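Working notes, structure below.
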Amino acid sequence: MAESYFPIMVILLLSAFIGVAIVALSTLLGRNRPSEVKLMPYECGMDPIGDARRRFSVRFFLTGMLFIIFDIEIIFLYPWAIIYDKLMFFGFVEMLIFVAILAVGLAHVWKKGALEWE
Amino acid sequence: MCEAARSILVVVGVLAGAIAIAAGLIWVERRLLALWQDRLGPNRVGPFGLLQVMADMIKIMTKEDWVPPFADRAVFVLAPAIIVVTALLSFAIIPFAPGIGVVDLNVGLLFFLAMSSLGVYSVAFAGWASGNKYSLLGGLRAAAQMLSYEVFMGLSLMGVVILAGSFNLRTIVEAQEDMWFCIPQFLGLVIFVIAGVAETHRLPFDLPEAETELVAGYHTEYSGMKFGMFFVGEYIGVTLISALVVTLFFGGWNGPVLPPIVWFLLKTSLFICLFILLRATFPRPRFDQLLGFGWKVMLPVSLANLLVTGAVTLARG
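This is the structure:
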C-alpha cells in the first residue's frame, strides 16, 4: 500500500522544486533599484496612515468558526457515502437524523444573524 | 527500479503539461475575452500573437522583484510558492486515460479536497504578510470565501461518491460508462462548478482581488514573477477544476471513436472556455451577497441533493 504513494512523493518534491526555482529565478534576474518612495506601502499614492496591523471585522472569525463546525460534520458524511450501498435503509434513516440536526444548527446560526453582514 | 523510473517520467510529463497549459491559457484567455468583447486582443508577437506568452514571461522575469521592508519576509516569499505547489499536487490524482495518470489512489477525492484546503494558506499568508491594508482585506476575504465554498464543494461530491461507491477517480470514471453523472447529479454539478469558481477566485467571484476597490487585493505588494505565480496558480487551478468536472460529471475519458486521451482533453478545454466565458459575462457580486448565497442557498441545496440521491439509490435497490 505504501509504495502506491511513491509517485505522490515524487510529484511533491518536483512541484516544490518548481515553486522554489521560480521564486529564486525571479529574485536573481530582476534588477533592484530601491528608492524611498518605492519602499512605502502602496496606498493609491497617498502617504500611508498607520500600519496594516489593525482591527478587522469579527465576521471573518465567525465565518471561520462556521467552517470548522460544518466541515467537521461533513467529514462524518464521507465514510457514510462510501458504504451507502451496504447500509441502505438503516444508513438512510441515520443520515436523515444527522442532516436534521445539521439543519437545526444552520437554522439557529441563521436566526442569530451570524450570516448577516451589516 | 523500472517502475520508479516510469512514475518519475509520468510525473515530469504531467507537471510540464500542466505548466504549459497554464502558460498557454494566458494567451487563450486574452484572445477569447477580446473575441467576446468585440476587440482583437494580443495579435502582434508571432503568429496570432502566440508568442505573447514568451514576451510576457521575459518581461515579468526581469522586472524588479522586491520584498517590502515592512513585510514579513519569510511568509511573503513562501505564499506564492504554496499556491503553485498545491495546485500542481492535485494533478496527481487526475486519471487522463486508462493507464495514464500519476497515481491510482483509493482516497483520490479526499486528496484533492485536502490540497484545495491548503491553497487557502497561500492567499491568507500573502494578504497578511504584505503589511498593506488592501492586502489584508483581500487576504481576509479570500480566506472567508475559500473556507465557505470548501464546505459546499465537499458536499456536492458526496452524491457522486454514493453513485460510484468509491473515492477512486478511476472507479468513478468507469462507473460512468453507461450514463454520465451530470444527469443524475445535475445539482451536484452546478454546485461544484460554482464552488470551483469561488475556490480559484476567478471572476465573477474575484472579490479578494477586486481591482476596482482593493487595487489587487492580496497581491498588491507583489512584483516580478512572485506576482506572476499567483496567476500561474490561478490558471493551473482553472485547468484542475475543469479536469475534475470532466472526470466526476462528464464521463472522463469515455467517448466514441476518438482515443480516450483526446476525449479527456477536448472536454477539459471546453470547460476551461466556459470559465473564461463566465468571466466575460457576469458582474461581480458584493462580498456579503457572495457569502450569504453560499450559506443560505448552496448549503441547504447541497444537503437536499445528498438526501435525494440517497433516497433514489435506496428506491432503486
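Taken in sequence, the protein lines are chains U and L.
Here the first sequence is numbered in the working numbering, starting from 31 and rising by one per residue.
Here the second sequence is numbered in the working numbering, starting from 1134 and rising by one per residue.
Here a beta-carbon is modelled for each residue, glycine too, at the ideal position from N, C-alpha and C.
Treat the numbers as computed from the prediction; the structure is a model and nothing was measured.
Nearest neighbour of P109 of chain U by Cα position, chosen from L:L1411, L:L1243, L:P1228, L:P1213, turns out to be L:L1243. Pairing V1365 of chain L with G121 of chain U, the inter-Cα distance amounts to about 43 Å. Chain-ordered listing is empty here: chain U has no CB closer than 8 Å to the CB of A1153 of chain L, the nearest sitting near 12 Å. Residue state for A1343 of chain L is assigned as coil, using DSSP reduced to three classes. At a cut-off of 8 Å between C-beta atoms, I1295 of chain L counts as an interface residue with respect to chain U.
Within the segment 1254-1279 of chain L, contact with chain U at the beta-carbon level (separation under 9 Å) is assigned to W1261, S1263, G1264, N1265, K1266, Y1267, S1268, L1269, L1270, L1273, R1274, A1276, A1277, Q1278. Setting aside the 5 residues that flank it on each side, I52 of chain U has no residue in the same chain whose C-beta is closer than 8 Å to its C-beta. Secondary structure of I1233 of chain L (DSSP, three-state): strand. Residue environment analysis places A54 of chain U among the exposed positions, since fewer than 16 neighbouring C-beta atoms fall within 10 angstroms of its C-beta.
R85 of chain U has a beta carbon lying at 8 Å or more from every beta carbon in chain L. Taking 8 Å as the upper bound for CB-CB distance, L132 of chain U and T1195 of chain L are not in contact here, some 53 Å apart. Distance from the Cα of D101 of chain U is smallest, within the candidate group L:L1184, L:E1283, L:V1330, L:G1271, for L:E1283. Interface criterion met: the Cβ of S1140 of chain L is under 8 Å from a Cβ in chain U.
The beta carbon of A1204 of chain L is closer than 6 Å to those of A1262, S1263, G1264 in its chain, skipping five residues each way along the sequence. The segment 1203-1219 of chain L and the segment 1351-1363 of chain L touch, with no fewer than 3 CB-CB distances between them shorter than 8 Å.
Interface with chain U (8 Å Cβ-Cβ cutoff): D1237 of chain L is included. Linking R1206 of chain L to R83 of chain U through their CA atoms gives a straight-line distance of about 15 Å.
Annotation for Q1422 of chain L: the continuous alpha helix (DSSP H) segment containing it runs 1420-1426. For G75 of chain U, not one C-beta of chain L is nearer than 8 Å to its own C-beta. The beta carbon of F1203 of chain L sits closer than 8 Å to some beta carbon of chain U.
For E1346 of chain L, no CB of chain U lies under 8 Å from its own CB, so it is not counted at the interface with that chain. Using a Cβ distance threshold of 8 Å, F1209 of chain L and F1314 of chain L do not count as a contacting pair. Residue L:V1293 holds the alpha-carbon nearest to the alpha-carbon of I1324 of chain L among L:F1300, L:V1293, L:C1135.
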